[in-house]
Every structure is written in structure tokens, then in C-alpha cells.
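Accompanying notes for the structure given below.
Chains as they are written, first to last, in our numbering: chain A, 1 to 292; chain B, 293 to 584.
Structure representation (C-alpha cells):
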């Protein structure tokens, strides 16, 4: 592990074509300190094996992505969501990370992400957000038992309808306020929150409350990709002010890992070592200087 | 004018293929009470003639779109922006509307809307927002003289980089707070603000402060169009909860016009009378019942 990359973490979504073993190998070879894991890659490798692979490579698991999708209206949908999230909590604990990133889900009117609304579908955003809060409350005791934190991820409003009805850090912290900071936290993903007028104040609040559980960096790139989920880029390729946001995160007392999570077809089509070299270069130039 | 459509206004952006005269004719024939005008259509018709055409059709001008683009860093860019906005203020007054909608502009790193960032461009969002506030302050005396209101439009964060660095109603009202409510107001455009967790509270605040200067309705449609600017749809085609938002607007005391402003290629390819019939139908079903 090289000293200056000790806090850099490769999220497996950035190297989508790689298996978990390959991603861990690429990250370790480049001198990174951690990996962020998606559940699909963990499942492919097998949970125990995934934990062993990361541990043997000398890396940390910065977070597990993702729990969530908690917005179902019907009892069966809610039961299934709770069951899936309990499984994710167990996986996080087994993998040795406290941080389970929660993508909370969209409106009931949305049949699946990125698709047209059901004509008579439920568009009640206020009630949907309340259901998220209710489900989080139901998950908290189980998360506490397993010493895992539910990490609320406010998402760019571009995804409010179909992926995540938590849209701001303030809203996420308001929801978290009912629970202990070691059990419900928040993650700052620059792609999702870079535009927020209250970002500086709410990052400071997250730090002061002990809830700043993660820092994910990638850029807001224009024009948007045909699939808007994939409009992320390497730091420096878009419009995010990494200097300002990284300083706010550092000033809030954050000392954890910095995950790079880029959904981008061109990045996915690039060899893993090249991807990690590029992200390490951008991290050194645009993020690291402001991190302490 | 039919009684139930007396508050419905056709924004000329919805019928992009029509001249101002044609749009006014279509709106009047359908029984609408008003039109919202874009400056390009006004310029084509000629300012005095545009004013006469609307007046003679017995319609109101609900707003003029748009002033703004106030984020230039250089003195010449700032001077040009102020000059253009003063011209827009005069046009609004001449057209008989008090409401000049302000799309405040994006980051200096953005060479033009929808395009990639300049590699060494200025991404300082905090400073950019401050320049907007400074330019608004410079325009206020001129707007007051002409009895025109600068109507700040918070835009969906999807446009924060390239079109409008005002992203929430709260932020817009905070900026407006330094000025008289008859001179600096806000507009609620459902497409831009539907996702905002603080929307109900901030609409109420806008009403209480006397700053609620307009209500624009169109829907957030998925999947996003290739040109994300055009991802708007008729009310009911997307994810917006018009019942909730319209009630909040009504409860805030808003009694003005309801503009339909839809940027959408399929709508633009449809004959004007059909477009207005569809929007009137959706308005009657989804908006009007909650407007009082």
C-alpha cells in the first residue's frame, strides 16, 4: 500500500467487468487501502470467500453497496425488503465493514428504474419518504445487534422518482436524527450532492453528529449519457468542485476512506489497471491535497 | 374564455413551432386566460405588436421568459448580462406583465448548456451563486423603476452546472430576502422542484412573504430524453404529484395564472390546437380540482 493512496478505495461498480477477486487484486497492486463492495460481486465470489480475499490482500472494506429499496406499499413487498436488508446487514458484518450504503428506492408509480410511470401509480412522495423512515426504524435493532450502520445515501434528484427518494443531506440527517449515530449515518457522494446549496453546512452537521460514514467521489459529466445512471466520470472530467467539497468533508472531521464509484460505460470498457491508475492520478491531484 | 380555464396559461415554449400570433390565437380559441411569452417569439413579432396581439385577444401575459444568465466572471460579460436583463425588464413592462422569469445561468466552466466542462474552467459554485446575488442587486433599482418583478426560478439540479445555479426554493427565497417582495419573487415550476423535501414549507414561506410570482406545471418523465432539457411531459405522463403541490400552492394564497411550459420534441411536433386541448384536459383533471 502506498502511503498517499492509503485512504483511496475502489468501489467494484467502477470496474464492473471484473470479478471481486480481480478487483481486489487490481486495487492491492495499485497500492490502494480499501475496496467498496457491491453485493452482486460478493454473491458471485461467495460471502466467506469474499471476506477472505479482501483480508488476505491486506485491504479494508470501506462499505457494502447496497441495502435499501424500502418504499413498497404492500405488506409482502415490505416484508421482502426487510428480509433482503437483514441479509445485507449480515453480509456487511461478515465482510468486516460497519457501513452498509442504503439506496432507499423510488416511487411506487415506478415499475423499475429508468422507466415510464404507471398511469394510475402512486406518486405520493411525502408518504413514500415516510415509509422509508418507518422501514429504517424497523431495521435499526437488527443493525445494532450486528454492529452495522445503515448509511443513508441522498441521491441526485434526477433519481428521485426511480431510485432514491432521499434527495438531500439535510433530509437524510433529519431522518437519521431519531437513531444513534453509530447505527444510522450518511454518505456524501459528490455526484449526488455537489449542487446542494446547503452542502457545506450539512456536511459540517454530519460530522458534528458523528454520522459522516463515507465519502464517495466521482464527477457530474455533461452531456448526460443516454442512460443517465451512467453519466458519471473521473474526478476532473465534469463540473464538481472537489477542492471545496473535500475541504468541507475534511473540516467535518472525516478520516475514513474515499471511495471512487463511477458508473460509466467507457470506464467499464477500460482494463482495470488503467482505470485504477487514472482514478489514483485524479485522486492525487484533485482530492488528496484537500483531505487534511 | 371558458370559466374553468381562466387561470390556465400557454407558455410559448410549449408550442415552439408556432409564431407568437399563432400561439395567442390557439390559446384564445381554447378559452385560456393567459399566455406566457418567450423573448424570442416577442422579438420575431416585434415588441409593440406582440403587446397589441395579446391585448386584442383579451389575454393576460402571465410572465415573460426569460432574463438571467448572470454568472459571468469578467466585467464585459457582466455588463452585457445587465444590459440584456434591462432590455428584458423593459419588454416585460411593455407587454403588461410584472413577472420576468430569471434563469440565472450555470458555472463558468460550462461553455454552453449541455456540453462538457472546460478542463481548467471555474467550478466554484459558491462564488457563482454569490455573483448571481450581486447581479440581482444591481438590477433591482431598474426593475423597481419599471414596476417589474425579477422572478427567480430554482431549477432542477440536473441543470445546476449548465443552466441555473439556483437549485431550491429555499435558496431562492434566501436570496430574495434582501429585496422587496414586489421586486424579487420566485416561481414554482413542478418539473424543477417536485423532488424537494422542503417544498411544502418553502411554498408556504413564499406565499407568506408575498413572493409567489408564478406556478408552472409540467411533468418529470422517464426515461430521460436524449436531450435532457426535453424530458418534460404533460401533467400525468410522469412522476409529479400535482395534487399535493397544487394544494400547497393554493394554500400559500396563490391566485395567479398556471402556466404550462413543456419542452418536448413530440409535443412540438403536434398541432397547436391538439397540444392546448391535451394540456387543458390534464389541467382540468389533475390541477384545477386542487387549485382552490
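Glycine included, every Cβ here is placed at the ideal spot set by N, Cα and C.
For the region 145-172 of chain A, enumerate the residues whose C-beta is nearer than 7 angstroms to any C-beta of chain B, in chain order.
-> For chain B, the residues of the region 145-172 of chain A that bring a beta carbon within less than 7 angstroms of one of its beta carbons are 156, 157, 158, 160, 161, 162, 167, 168 and 171, in chain order.
Report the residues of the region 110-130 of chain A with a CB closer than 8 angstroms to any CB of chain B, ordered along the chain.
-> In summary, the residues of the region 110-130 of chain A whose CB is separated from some CB of chain B by less than 8 angstroms are 110, 114, 115, 116, 117, 119, 123, 124, 125, 126 and 129, in the order they occur in the chain.
Out of curiosity, what's the CA-to-CA distance linking residue 12(A) and residue 61(A)?
-> Across the structure, residue 12(A) and residue 61(A) are spaced so that their CA atoms are roughly 11 angstroms apart.
Using alpha carbons as the reference points, say which of 481(B), 541(B) and 525(B) lies closest to residue 559(B).
-> Comparing alpha-carbon positions, the option among 481(B), 541(B) and 525(B) lying closest to residue 559(B) turns out to be 525(B).
DSSP state of residue 368(B), grouped into three classes?
-> Here residue 368(B) carries a helix assignment [DSSP, helix/strand/coil].
Closer than 8 angstroms by beta-carbon distance: list the chain B residues that pair up with residue 240(A), in chain order.
-> Under the 8 angstroms cutoff, chain B gives 415.
Give, in chain order, every unbroken run of the alpha helix (DSSP H) that is at least 4 residues long and sits entirely within the region 353-417 of chain B.
-> With a minimum length of 4 residues, the continuous alpha helix (DSSP H) runs that stay inside the region 353-417 of chain B are 367-387.
Leaving out five residues before and five after residue 362(B) in sequence, what residues of the same chain have Cβ atoms less than 6 angstroms from its Cβ?
-> Around residue 362(B): 373, 396, 397, 424 and 427.
Does the region 465-480 of chain B touch the region 209-216 of chain A, meaning 3 or more C-beta pairs lie closer than 8 angstroms?
-> Touching, no.
Quick one: give me the first and last residue of the alpha helix (DSSP H) that residue 468(B) is part of.
-> Where residue 468(B) is concerned, the enclosing alpha helix (DSSP H) stretches over 461-468.
Just grab the DSSP bridge partners of residue 325(B) for me.
-> In the DSSP output, where bridge partners are listed per residue, residue 325(B) has none listed.
List the residues of chain B whose Cβ lies closer than 8 angstroms to the Cβ of residue 226(A), in chain order.
-> Here the neighbours are 518.
Option in 318(B), 491(B) and 337(B) with minimal Cα separation from residue 563(B) = The residue with the shortest Cα to Cα distance from residue 563(B) is 318(B).
Chain-ordered residues of the region 499-517 of chain B with a beta carbon less than 9 angstroms from chain A = The residues in question are 511, 512, 513, 514, 515 and 516.
Can you name the start and end residues of the alpha helix (DSSP H) that residue 557(B) belongs to?
-> That run of the alpha helix (DSSP H) goes 557-560.
Taking 8 angstroms as the cut-off, decide whether the C-beta atoms of residue 214(A) and residue 99(A) are in contact.
-> Yes, the Cβ-Cβ distance between residue 214(A) and residue 99(A) is below 8 angstroms.
Please determine if the region 406-422 of chain B and the region 239-256 of chain A are in contact, where contact requires at least 3 C-beta pairs separated by less than 8 angstroms.
-> Contact between the region 406-422 of chain B and the region 239-256 of chain A is present, because at least three Cβ pairs lie under 8 angstroms.
By Cβ distance below 6 angstroms, which residues in the same chain neighbour residue 265(A) in space, the five residues on each side in sequence not counted?
-> Annotation for residue 265(A): 230 place their beta carbon closer than 6 angstroms to its own, counting only its chain and skipping 5 residues before and after.
Using a beta-carbon distance below 8 angstroms, is residue 248(A) in contact with chain B?
-> By this cut-off, residue 248(A) is not an interface position.
Sequence-distant residues of its chain with Cβ nearer than 6 angstroms to residue 92(A) (five each side left out) = For residue 92(A), the CB contacts under 6 angstroms within the same chain, skipping 5 residues up- and downstream, are 64, 100 and 148 in chain order.
Identify every residue that forms a DSSP beta bridge with residue 301(B).
-> In the DSSP assignment, the residues bridged to residue 301(B) are 326(B) and 551(B).
Consider the Cβ of residue 536(B): report whether some Cβ of chain A lies at a distance smaller than 8 angstroms.
-> So yes, residue 536(B) belongs to the interface.
Any idea what DSSP makes of residue 503(B), helix, strand or coil?
-> It is coil, neither helix nor strand.
Where does residue 149(A) fall in DSSP's three states?
-> Reduced to three states, the DSSP call for residue 149(A) is strand.
Would a check of beta-carbon distances place residue 141(A) closer than 8 angstroms to chain B?
-> Not closer than 8 angstroms to any Cβ of chain B, the Cβ of residue 141(A) fails to qualify, so no.
Would you verify that the beta carbon of residue 399(B) is, or is not, closer than 8 angstroms to some beta carbon of chain A?
-> Yes, residue 399(B) counts as interfacial toward chain A.
Contacts of residue 473(B) in chain A (Cβ-Cβ under 8 angstroms) | Chain-ordered listing is empty here: chain A has no CB closer than 8 angstroms to the CB of residue 473(B), the nearest sitting near 21 angstroms.
Would DSSP call residue 564(B) helix, strand or coil?
-> Helix at residue 564(B).
Cβ of residue 487(B) less than 8 angstroms from any chain A Cβ?
-> At a cut-off of 8 angstroms, the C-beta of residue 487(B) has a neighbouring C-beta in chain A.
Taking the CB atoms as reference points, tell me whether residue 20(A) and residue 280(A) lie closer together than 8 angstroms.
-> Taking 8 angstroms as the Cβ cut-off, residue 20(A) and residue 280(A) do not qualify as a contacting pair.
Determine the direct distance from the alpha carbon of residue 438(B) to that of residue 225(A), and round the result to whole angstroms.
-> Our two residues, residue 225(A) and residue 438(B), have alpha carbons roughly 43 angstroms apart in a direct line.
Inter-residue Cα distance where the pair is residue 116(A) and residue 551(B) = C-alpha of residue 116(A) to C-alpha of residue 551(B): approximately 24 angstroms in a straight line.
Under the three-state reduction of DSSP, which class applies to residue 249(A): helix, strand or coil?
-> For residue 249(A), the three-state secondary structure derived from DSSP is helix.
Range of the contiguous beta strand (DSSP E) that encloses residue 189(A) = Note, residue 189(A): beta strand (DSSP E), 184-189.
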